[in-house]
Amino acid sequence: MYRYQISTTCGYKIIQTEHPKLYIHDTQPGRGIPNPCQKSIDNLDIFSYVNSKFIYVEKHLKTQLTQLYRDIMEQKCVLERQVLQNALTLASIAPDEMAHRIMKSPGYTAITSGEVIHLIKCVPVECRIRHTEACYNELPVTYQNKSLFLQPRSKILTKTGTPKDCNELLPVMYKILSTWYKLSPKPSETMAPPTIQPLTKPTWKYVSPSSLATSGIYSDEDIDRLRDHIMFPMEKPSMLNTIARGAMGQEIPAGSLSLANLLDEESLNQIAENAGARLWKTFITFGSASAGVLAIFMIMKFMKLIIDTIGLFFLAELAF
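Going by our numbering, the sequence shown opens with residue -9, and the numbers climb by one from there.
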């Protein structure tokens, strides 16, 4: 993002970006904006979240396209430099070939004069193909009733040609009006030869933005809370209907209502403590009652033992 303006707020340096609602704070170790509490759901802006992603994508594409442009221009510059160097090496031995490579079109020739090379453009004229009995490396033509020869690449007319043996396997070929012809020695249409393609390997590679779908100015937890906040008005009527049906004893779908969502951890702990205290109190009451019953039973046993002992004592005296 671009830095448009730098301001100071509450002692912190705030950087304004091109987005009116997005600001950047450059943090330092031990010095940052305190954030002790959770973000309020009312302060979350889904449009700022989406717009920040669009801005990031636009900057990412701009960076990638800039790198692609630089890569193409560097390769083009290297290629043109090689072409110029090769053309200059041909200046002394093949000036016509050098002129053709530099100007990249036929009809040019070159003349070397000291340390400079003069490029000369010939005037284009119209000529006709001339039929011969022998084969030449140049194309036999007729211009103003004169027998001339057309050079293969420079397309310059010369008075003399280079004779060669006619060979059907290796014929002399020329491209005339987008059609290829072979001369052996009479011209006849033939198939176009294969074109040599450059072997340049691309060095640029597109880099995908990492975690674009999950990262942003808000965390995943904040996005989930915002989604629940947006969906709550639509889910509220159906949930109230489910609670009412359950309270009236009617059947409700399994898993549609959970009390765990209504109670927090502290409330659940309090309920568990109260249930444990009541259960323990019940055990104590039951133990006290059981102890009382056992005491009464022991007292009655003890009284019965005393009565039996006294009865045996009187029976013994009567016997004597």
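We put the CB at the ideal spot given by N, CA and C, even for glycine.
Small disclaimer: the values here were computed from a predicted structure and weren't measured.
Checklist entry - In the DSSP assignment, what residue or residues form a beta bridge with M181? => result Looking up residue 181 in the sequence shown gives position 191. Per DSSP, none; premise fails for M181.
Item to check | Contacting residues, own chain, Cβ-Cβ under 8 Å from G97 (five flanking each side not counted) | outcome: One-based indexing of the sequence shown puts residue 97 at position 107. Excluding positions up to five away in sequence, the list reads K111, C112, P114, S144, K145, I146.
Item to check | Beta-carbon proximity of Q65 to Y196, cut-off 8 Å | outcome: Taking the first residue of the sequence shown as position 1, residue 65 is located at position 75. Taking the first residue of the sequence shown as position 1, residue 196 is located at position 206. No, Cβ-Cβ distance for Q65 and Y196 is not below 8 Å.
Next on the checklist: With a threshold of 6 Å on Cβ separation, who are the neighbours of A262 within its own chain once the five nearest residues in sequence on each side are excluded?
Outcome noted: Here residue 262 refers to the residue found at position 272 of the sequence shown. Answer for A262: no residue qualifies.
Checklist entry - Going by other Cβ atoms of all chains shown within 10 Å of its Cβ, with 16 needed for buried, is A281 buried or exposed? => result Within the sequence shown, residue 281 is the residue found at index 291, counting from 1. By the neighbour-count rule (16 or more Cβ atoms within 10 Å), A281 is not buried but exposed.
Checklist entry - What are the residues that DSSP puts in a beta bridge with T275? => result Within the sequence shown, residue 275 is the residue found at index 285, counting from 1. Paired residues: none, contrary to the question.
Checklist entry - If P142 sits next to E158, beta carbons under 8 Å apart, how far is it from one beta carbon to the other, in whole angstroms? => result In the sequence shown, the residue the question calls residue 142 occupies position 152. In the sequence shown, the residue the question calls residue 158 occupies position 168. Wrong, their Cβ atoms sit about 19 Å apart, outside the cutoff.
Next on the checklist: Using only CA atoms, which one of F44, S174, K294, P183 lies nearest to H121?
Outcome noted: By one-based count along the sequence shown, residue 121 stands at place 131. Ranking the options by Cα distance to H121, first place goes to S174.
Item to check | Cβ distance (whole Å) where T152 is taken to contact Y126 below 8 Å | outcome: Walking along the sequence shown from the start, residue 152 turns up at place 162. Walking along the sequence shown from the start, residue 126 turns up at place 136. Confirmed, about 6 Å.
Checklist entry - Should F139 be labelled buried (16 or more other beta-carbon atoms within 10 Å of its own) or exposed? => result Against the sequence shown, residue 139 aligns to sequence position 149. Per the 10 Å Cβ criterion, buried.
Checklist entry - Mapping DSSP to helix, strand and coil, what is P175? => result Within the sequence shown, residue 175 is the residue found at index 185, counting from 1. Coil, per DSSP.
Checklist entry - When you compare only the Cα positions, how much space is there between C67 and R91? => result By one-based count along the sequence shown, residue 67 stands at place 77. By one-based count along the sequence shown, residue 91 stands at place 101. In a straight line, the C-alpha of C67 is about 15 Å away from that of R91.
Item to check | Same chain only: Cβ atoms within 8 Å of K191, ignoring 5 sequence neighbours per side | outcome: To locate residue 191, count along the sequence shown from 1; it is residue 201. For K191, where only same-chain residues beyond five positions count, there are no Cβ hits under 8 Å.
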